[in-house]
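Undergrad:
There are 2 protein chains.
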Amino acid sequence: MQWWVWPLIAVIVSLASFAVAAYFYSYVKNMKTDDSAVAKWGKLIRQGAFAFLKVEYKILAKFLVGAAVVIFLFLPPVWTSSNIGMNFLNAVIYLVGATLSGLAGLLGMSIATIANVKAAAAAQKGITPSYMAGFRGGAVMGIAVVGIGLFGASILYLIFHDVPEVGNIILAFSFGASSLALFAKAGGGIFTKTADIAADLTGKVEFGLPEDDPRNPAVIADNVGDNVGDVAGMGADLFDSNIASIAAALVLAAPLGQTGYIFLLGALGLLASLVGMYFSSVKEGQHPGRALNRSTYLTTALFFVLTLIATLASGYNLRLWGAAMLGLLAGTVIGFTSELFTSDEGKSVQHVAKASVTGPAFTIISGFSYGLLSCFPALIGIAVAALGAYKICEPLGPGYALYGIALSAVGMLSIVAMITSNDAYGPIVDNARGLAEMGGLGDDVLEITDQLDAAGNTAKAITKGFSIGAAGLTVIALLAAYQEILVEIGKPADFNLLDPLVFFGVIIGVAVPAVFSAMLMMGVDHNATRLVAEIHRQFDEIPGLREGKEDVLPDYDRCIEIATVGALKELLPAGVMAIVSTFVVGFIGGVRAIGGFLAGNIFSGLLLALLMSNAGGMWDNAKKYIESGNFGGKNSDAHKAAVIGDTVGDPFKDTAGPSINTQITVVSLVASLAATLFAMFSLLG
Amino acid sequence: MQWWVWPLIAVIVSLASFAVAAYFYSYVKNMKTDDSAVAKWGKLIRQGAFAFLKVEYKILAKFLVGAAVVIFLFLPPVWTSSNIGMNFLNAVIYLVGATLSGLAGLLGMSIATIANVKAAAAAQKGITPSYMAGFRGGAVMGIAVVGIGLFGASILYLIFHDVPEVGNIILAFSFGASSLALFAKAGGGIFTKTADIAADLTGKVEFGLPEDDPRNPAVIADNVGDNVGDVAGMGADLFDSNIASIAAALVLAAPLGQTGYIFLLGALGLLASLVGMYFSSVKEGQHPGRALNRSTYLTTALFFVLTLIATLASGYNLRLWGAAMLGLLAGTVIGFTSELFTSDEGKSVQHVAKASVTGPAFTIISGFSYGLLSCFPALIGIAVAALGAYKICEPLGPGYALYGIALSAVGMLSIVAMITSNDAYGPIVDNARGLAEMGGLGDDVLEITDQLDAAGNTAKAITKGFSIGAAGLTVIALLAAYQEILVEIGKPADFNLLDPLVFFGVIIGVAVPAVFSAMLMMGVDHNATRLVAEIHRQFDEIPGLREGKEDVLPDYDRCIEIATVGALKELLPAGVMAIVSTFVVGFIGGVRAIGGFLAGNIFSGLLLALLMSNAGGMWDNAKKYIESGNFGGKNSDAHKAAVIGDTVGDPFKDTAGPSINTQITVVSLVASLAATLFAMFSLLG
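Chains A and B, in that order, are what the protein sequence lines are.
Letter 518 of the first sequence, counting from 1, is numbered 518 in my numbering, and no numbers are missing.
Letter 626 of the second sequence, counting from 1, is numbered 626 in my numbering, and no numbers are missing.
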């Protein structure tokens with residue numbers, strides 16, 4: 001089969017996916033809404049979300065241009081480069097990667113802040129139209145994330161397939177996406193918790209306002225936060241993982257002449273997702289969670305069959321297919337394990353709730369303990385998938401074994417359109433629930449939106465586990481790709497654990513995700529202090545605000561701007577720390593130390609990400625479990641203890657935990673792109 | 001120089017150290033006490049401590065015999081062994097190692113529970129005699145830990161130096177010590193927190209009794225707990241690390257013919273410590289913390305000079321000395337960094353205290369964040385020490401580089417007698433403070449014991465950091481020793497991170513310390529529930545107890561027994577999990593997977609141990625900082641929040657955090673001893 005067949009098919013499927021997305025977009029947009037209260041609130045949230053994006057993209061643009069200049073000048077050092085054009089190209093493509101990822105985020109936010117209003121309004125007519133608004137809104141995001149990424153990667157590959165540096169080009173594209181993800185995910189994570197905490201501390205605690213009271217200047221920022229973190233952030237993260245897995249696989253596949261298979265998986269995964277999405281719906285009386293799962297099962301089954309047929313028809317070895325399927329299986333297992341640990345039907349959440357009866361310290365200790373335990377199955381899943389994929393592909397010849405690991409990552413991520421779609425559904429219906437309440441749509445409507453919302457929470461837990469697992473396998477593949485790049489630049493190296501440079505790198509690498517997450521959590525604290533000051537200022541300076549005079553509204557945008565600028569300001573040192581550590585380790589220990597450094601990042605990053613995400617999820621659901629009437633119910637001592645646990649869990653699960661993925665990917669890509677630099681200049685390497 | 005010179009000198013110095021210990025012991029024991037109230041309480045604590053040891057050693061004995069049988073039968077499999085006598089010898093020496101370590105613990109507990117009474121009583125005469133009682137009591141423990149270990153290792157080496165398996169013999173000795181340490185440290189850690197929590201929950205919260213009220217059946221268990229965890233536990237841990245570092249170094253030194261240098265370091269380290277201890281004292285008006293530091297400085301300086309002279313005089317290469325000194329330097333840096341992060345004069349503790357004003361969730365978040373940050377300098381210290389020691393010794397020839405890492409561990413641990421001594425001083429004067437209060441010795445006395453106690457807390461923080469750093473370098477050396485053993489059994493292997501078996505091992509290895517510490521923390525919870533039930537039973541069934549009738553005392557021993565048996569019962573599954581994981585990984589992935597597994601244990605173990613120990617220390621001191629009048633002082637909201645932080649920190653810093661060291665050492669030794677087994681039987685290796 002010609003090399004261009006599958007990349008071309010991938011382009012065609014991406015284009016088709018855009019058509020489907022356009023259809024879903026107009027489907028949702030054209031749904032009739034006849035409730036102006038809901039629409040009014042919805043508009044404020046939408047404006048706020050765009051205000052956030054505007055500020056974010058403005059700051060980001062400066063960073064990106066700076067990074068592009070660095071790429072041009074140093075990766076590899078332009079004065080030693082035989083091909084300055086390639087440096088320039090990489091810098092441009094870096095910007096393209098960031099722009100496309102930003103575009104996906106923009107589209108996703110745009111539809112999410114339309115669909116939430118539609119879902120709320122449609123709930124008046126029943127669960128079916130409301131579900132459709134939520135699900136198809138989420139699907140637009142899912143398609144945008146995967147379609148745009150696949151389109152970009154395929155086009156780039158079609159254009160540059162015979163340039164020797166094609167691997168680097170795709171890595172630069174991926175690095176662009178990662179840079180954006182770092183801002184969207186970690187910056188969004190700081191933003192959302194800043195707004196949440198500041199709104200609570202001033203509104204609820206200080207001024208005694210109810211939740212979501214419009215007099216609170218941070219109320220819109222708080223609602224915007226959900227979209228920012230869960231829609232744009234998670235989308236950017238999965239965009240990033242998806243492209244990074246493709247980039248790593250391409251680097252490893254190029255010397256084997258097996259690149260087509262990556263596009264086969266990508267194209268058919270997207271296709272299967274489109275079909276699954278198209279047929280997703282829920283009937284009156286049905287459980288929306290089941291509907292979400294049904295679509296996922298349909299997609300998975302379809303993907304399984306389509307890829308099997310395509311593998312046989314295109315003459316690829318079935319072992320490649322086996323590696324991809326093993327990855328998919330591992331992703332599913334990790335996702336469902338996360339759900340098991342964080343679901344309120346699971347033992348661990350109930351134990352955490354029970355421990356809360358003794359007091360908040362016991363809420364924390366038990367949640368933390370179960371969080372540590374929850375790492376075990378997920379890590380076993382990743383270890384087994386990596387080992388299995390390697391062993392499956394090993395008989396195909398040298399180089400295939402590591403390619404197998406990369407394919408397991410690609411396989412796991414191939415149905416990511418469906419996963420992202422389910423995930424984006426969550427904050428949309430969550431927002432819809434809030435809008436229904438604010439707009440006073442009545443209890444029947446709330447019952448429906450509650451049902452939809454509960455299904456969203458489960459989907460979210462699964463996605464989180466899935467995205468950590470995917471990032472895990474992806475960065476392993478990136479490590480292998482890094483080694484391949486070292487071969488290409490003529491500096492082949494092993495990463496032997498008892499090589500002191502490797503060991504040195506690993507130990508420093510282990511520390512980086514810990515420090516990174518600490519800096520993010522501290523950033524939330526600093527930023528919340530700023531926002532609290534602004535809220536006080538508004539209450540002091542805007543006449544009539546405190547008294548709740550009609551038509552006196554606070555300056556919501558100013559709060560959003562402060563929270564946004566502050567979030568990015570707090571994020572920057574953390575991001576810089578991670579990148580600077582990479583350069584310090586590289587310039588001290590050279591390419592082998594960097595290999596160890598990447599591995600160390602993976603080891604502690606996976607551990608901390610799983611711990612923090614799962615412990616946070618448990619505390620959240622333990623609180624909800626108590627609120628639903630267990631161990632004394634709302635306002636009991638157990639509930640108060642659980643609220644403290646939940647507050648601790650917020651930055652764990654929404655700021656630090658899920659941002660670690662992105663940090664590791666960024667570091668891995670920087671290391672790969674800077675490999676030549678470290679090979680040329682290092683103290684001990 | 002003859003091979004036997006330095007081992008013989010080590011034996012002589014050990015014997016001399018026993019004489020010094022005997023002198024200190026009788027010095028303390030013969031101090032006059034004339035306060036019967038203090039003596040009465042002291043006797044109860046002493047009885048309780050021995051009751052704990054009795055139960056612990058009884059259960060331990062069964063475990064040890066079982067383990068010895070396993071060693072005899074399987075390490076290596078007796079049916080394949082050409083030398084069954086060696087299997088038998090290893091099993092016996094394993095028991096000897098455990099017995100000697102147990103003996104050191106017994107001696108330490110014995111003197112600690114005498115010295116506490118003496119220190120309390122002596123405080124009536126001034127700070128000098130009280131300090132001497134506390135310090136010389138601690139010194140007996142320090143000498144017992146190091147002298148007995150060094151004596152055992154030197155004698156074994158003198159006897160078996162020409163047996164090819166001498167490395168294995170010393171490893172078996174070390175494994176015996178580690179098994180005991182696992183029980184003493186982790187079991188003691190569960191015990192002490194069980195007693196603490198149960199006593200507080202029933203006494204303070206439920207029945208409204210003051211702290212240390214004799215009606216509380218768990219009050220003696222609570223006081224015993226301090227001795228059990230901080231004296232016997234820490235002693236066993238450092239005994240274990242010290243012997244393990246010597247064992248690893250011997251394995252690496254044997255092929256180089258450089259074993260003597262290890263005994264040189266051990267002997268001179270102990271000698272320097274003896275001198276430092278002998279001259280330690282404090283004058284009226286002096287700061288006892290300074291006195292502790294002065295002794296440490298004196299020991300360190302003496303060690304530096306003595307080893308330099310001895311190295312030159314014995315004709316050893318100065319590079320070996322350099323590696324050892326680098327280790328010592330790193331240990332000091334790590335110790336002082338820990339202190340910086342956990343001292344109430346440091347920024348982090350004050351920030352945690354300040355965050356407590358906003359509420360307990362912020363106490364937890366900020367303590368956890370600073371805990372994560374605190375890992376950075378310590379990990380850098382370990383990484384730099386390992387890399388530096390390797391590079392210093394690399395020019396000496398093949399094999400020397402890894403030996404250099406082992407020497408840095410030995411060097412770091414060589415002054416461990418002094419460190420242990422300072423550490424054991426802490427709980428002695430802490431107990432003395434309690435006894436002075438219970439015995440009603442008045443405010444002047446309390447002022448003195450408070451001063452002594454504060455100095456103990458600082459020493460404790462330094463020791464904790466030091467012991468984690470030492471364990472870190474030791475297990476790296478054990479990893480290198482493991483590789484050397486693979487060479488010896490004819491199965492040389494590299495641990496390449498991109499070898500899927502190694503990677504598989506690392507990922508599973510990363511999970512084990514997380515699961516281990518989770519199981520310990522959950523164990524505290526389960527065990528406390530049992531003890532609470534017993535306390536309720538006693539209040540219900542012992543007539544007059546609740547009313548505080550004179551001469552009606554609760555059954556203290558029953559509480560101690562329940563807490564002890566329960567602690568060991570909770571510990572067992574955690575220990576078994578760690579060991580079974582080792583075998584599962586070994587039987588699946590073979591010797592290379594085990595190499596990765598050990599490394600993974602080190603990576604996450606170091607991270608979690610540092611995080612938990614330091615975060616726990618910060619919460620403890622943040623509470624004390626507030627109690628000393630900051631942010632509203634005692635009983636303010638900030639104080640309540642800080643108490644919650646402290647309660648979370650208790651199992652972090654006293655149960656899980658410091659036990660991880662021992663878990664890693666045990667796993668490393670099991671792996672080394674079972675290397676032949678994994679080389680023979682494995683699914684994929």
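Note that the Cβ used here is the ideal one computed from N, Cα and C, for glycine as well.
Pop quiz: V585 (chain B) and A593 (chain B) are said to be a contact at Cβ under 8 angstroms. What is the actual Cβ separation, rounded to whole angstroms?
TA: Indeed they touch by this definition, with Cβ atoms about 5 angstroms apart.
Undergrad: Under 9 angstroms, Cβ to Cβ, is there at least one residue of chain B near Y390 (chain A)?
TA: True, the Cβ-Cβ gap to chain B drops below 9 angstroms.
Undergrad: Can you check DSSP and say which residues form a bridge with N496 (chain A)?
TA: Its beta-bridge partners are B:N496.
Undergrad: May I ask which residues mark the beginning and end of the alpha helix (DSSP H) holding L396 (chain B)?
TA: From DSSP, L396 (chain B) is part of no alpha helix (DSSP H); its letter is neither H nor E.
Undergrad: Mind pulling the alpha helix (DSSP H) runs of 4 or more residues that sit fully within the segment 540 to 628 of chain B?
TA: Complete alpha helix (DSSP H) runs here, min 4: 556 to 627.
Undergrad: Against chain B, which members of the segment 644 to 657 of chain A pass a CB distance test of less than 7 angstroms?
TA: Hits within the stretch, in order: I644, T647, V648, P651.
Undergrad: So does the segment 503 to 521 of chain B actually touch the segment 604 to 614 of chain B, counting three or more Cβ pairs closer than 8 angstroms?
TA: The segment 503 to 521 of chain B, when compared against the segment 604 to 614 of chain B, does touch it at the 8 angstroms Cβ threshold.
Undergrad: Ignore the nearest five residues each way along the sequence and tell me which others in L209 (chain A)'s own chain have a CB closer than 7 angstroms to its CB.
TA: Here the set comprises G203, R215, N216.
Undergrad: Roughly how many angstroms lie between the CA atoms of S280 (chain B) and K40 (chain B), to the nearest whole one?
TA: Taking the straight line from one Cα to the other gives about 29 angstroms.
Undergrad: Report the CB separation of A417 (chain A) from S636 (chain A) in whole angstroms; it is logged as a contact under 8 angstroms.
TA: Not a contact, Cβ separation roughly 43 angstroms.
Undergrad: If you measure between the beta carbons of G685 (chain B) and F597 (chain B), is that distance less than 9 angstroms?
TA: No, the Cβ-Cβ distance between G685 (chain B) and F597 (chain B) is not below 9 angstroms.
Undergrad: When the distance is taken between beta carbons, is T458 (chain B) closer than 9 angstroms to L292 (chain B)?
TA: Yes, Cβ-Cβ distance for L292 (chain B) and T458 (chain B) is below 9 angstroms.
Undergrad: Return the CA-CA distance between G187 (chain A) and E570 (chain A), expressed in angstroms with no decimal places.
TA: Using only the alpha carbons, I get a separation of about 8 angstroms.
Undergrad: Measure the beta-carbon distance from G149 (chain B) to F239 (chain B) and round it to whole angstroms, keeping in mind my assumption that it falls under 8 angstroms.
TA: Rounded, the Cβ-Cβ distance is 5 angstroms, consistent with contact.
Undergrad: Would DSSP call S636 (chain A) helix, strand or coil?
TA: In the structure shown, S636 (chain A) sits in coil (DSSP, three-state: anything other than H, G, I, E or B).
Undergrad: Determine, for A248 (chain B), whether the minimum Cβ-Cβ distance to residues of chain A falls below 9 angstroms.
TA: No, A248 (chain B) does not count as interfacial toward chain A.
Undergrad: Quick one: list the residues of chain B neighbouring M522 (chain A), beta-carbon separation under 7 angstroms, in chain order.
TA: The contacting residues are S369.
Undergrad: What did DSSP end up calling R215 (chain B) once you bin it into helix, strand or coil?
TA: R215 (chain B) falls in the coil class under three-state DSSP.
Undergrad: Establish whether the CB of S366 (chain A) and some CB of chain B are separated by less than 9 angstroms.
TA: Yes - at least one Cβ of chain B is within 9 angstroms of the one on S366 (chain A).
Undergrad: Going by beta carbon distance, what residues of the same chain come within less than 6 angstroms of S14 (chain B), once the five residues before and after it are set aside?
TA: Correct list, in chain order: G147, L150, F151.
Undergrad: Under a CB-based cut-off of 9 angstroms, is G289 (chain A) close to chain B?
TA: So, not an interface residue.
Undergrad: Between L669 (chain A) and chain B, is any beta-carbon pair separated by less than 9 angstroms?
TA: It does not; no Cβ of chain B falls within 9 angstroms.
Undergrad: So, do the segment 240 to 250 of chain B and the segment 54 to 66 of chain B have three or more beta carbon pairs nearer to each other than 8 angstroms?
TA: Taking 8 angstroms as the limit for Cβ pairs, the verdict is that the segment 54 to 66 of chain B does not touch the segment 240 to 250 of chain B.
Undergrad: Closest Cβ-Cβ distance between I309 (chain A) and chain B: below 9 angstroms?
TA: Chain B, which has no Cβ nearer than 9 angstroms to the Cβ of I309 (chain A), makes this no.
Undergrad: Just the chain B side, please: which residues come within less than 9 angstroms of S517 (chain A) by C-beta, in chain order?
TA: Going along chain B in sequence order, the residues near S517 (chain A) (Cβ under 9 angstroms) are S369, L372.
Undergrad: Rounded to the nearest angstrom, what separates Y261 (chain B) and N30 (chain B) at their Cα positions?
TA: Rounded to the nearest angstrom, the two C-alpha atoms are 39 angstroms apart.
Undergrad: For K634 (chain B), collect the residues of the same chain with a Cβ closer than 7 angstroms to its Cβ; drop the 5 residues on either side in sequence, then sort them by chain order.
TA: If we look at K634 (chain B) and ignore the five residues flanking it on each side, its Cβ neighbours are E627.
Undergrad: For chain B, find out if any of its Cβ atoms is closer than 9 angstroms to the Cβ of G589 (chain A); answer yes or no.
TA: It does: the Cβ of G589 (chain A) has a partner Cβ on chain B nearer than 9 angstroms.
Undergrad: Just mark F191 (chain B) as buried or exposed, buried being the case when its beta carbon has 16 or more other beta carbons within 10 Å.
TA: Buried, by the Cβ-count rule.
Undergrad: Look up F652 (chain A) in the DSSP assignment and say whether it is helix, strand or coil.
TA: If DSSP states are grouped into helix, strand and coil, F652 (chain A) belongs with the helices.
Undergrad: Here's the rule: buried if 16 or more other CB atoms are within 10 angstroms of the residue's CB, otherwise exposed. What is R290 (chain A)?
TA: R290 (chain A) should be labelled exposed.
Undergrad: Using the Cβ count rule (16 or more neighbours within 10 Å means buried), how would you classify W619 (chain A)?
TA: Looking at its Cβ environment, which holds 16 or more other Cβ atoms inside 10 Å, W619 (chain A) is buried.
Undergrad: Label L669 (chain A) either buried or exposed according to how many other C-beta atoms from any shown protein chain fall within 10 Å of its C-beta, with 16 as the threshold for buried.
TA: Buried: at least 16 other Cβ atoms inside 10 Å.
Undergrad: Using the beta-carbon of each residue, which ones in chain B are nearer than 8 angstroms to G600 (chain A)?
TA: Per Cβ cutoff of 8 angstroms: F603.
Undergrad: Please identify the residue among B:S374, B:I405, B:S338, B:Y297 whose C-alpha is closest to the C-alpha of A324 (chain B).
TA: It is B:I405 whose Cα lies nearest to the Cα of A324 (chain B).
Undergrad: Please report whether the beta-carbon of G633 (chain B) lies at a distance below 9 angstroms from any beta-carbon of chain A.
TA: Judged by the 9 angstroms Cβ criterion, G633 (chain B) is not in contact with chain A.
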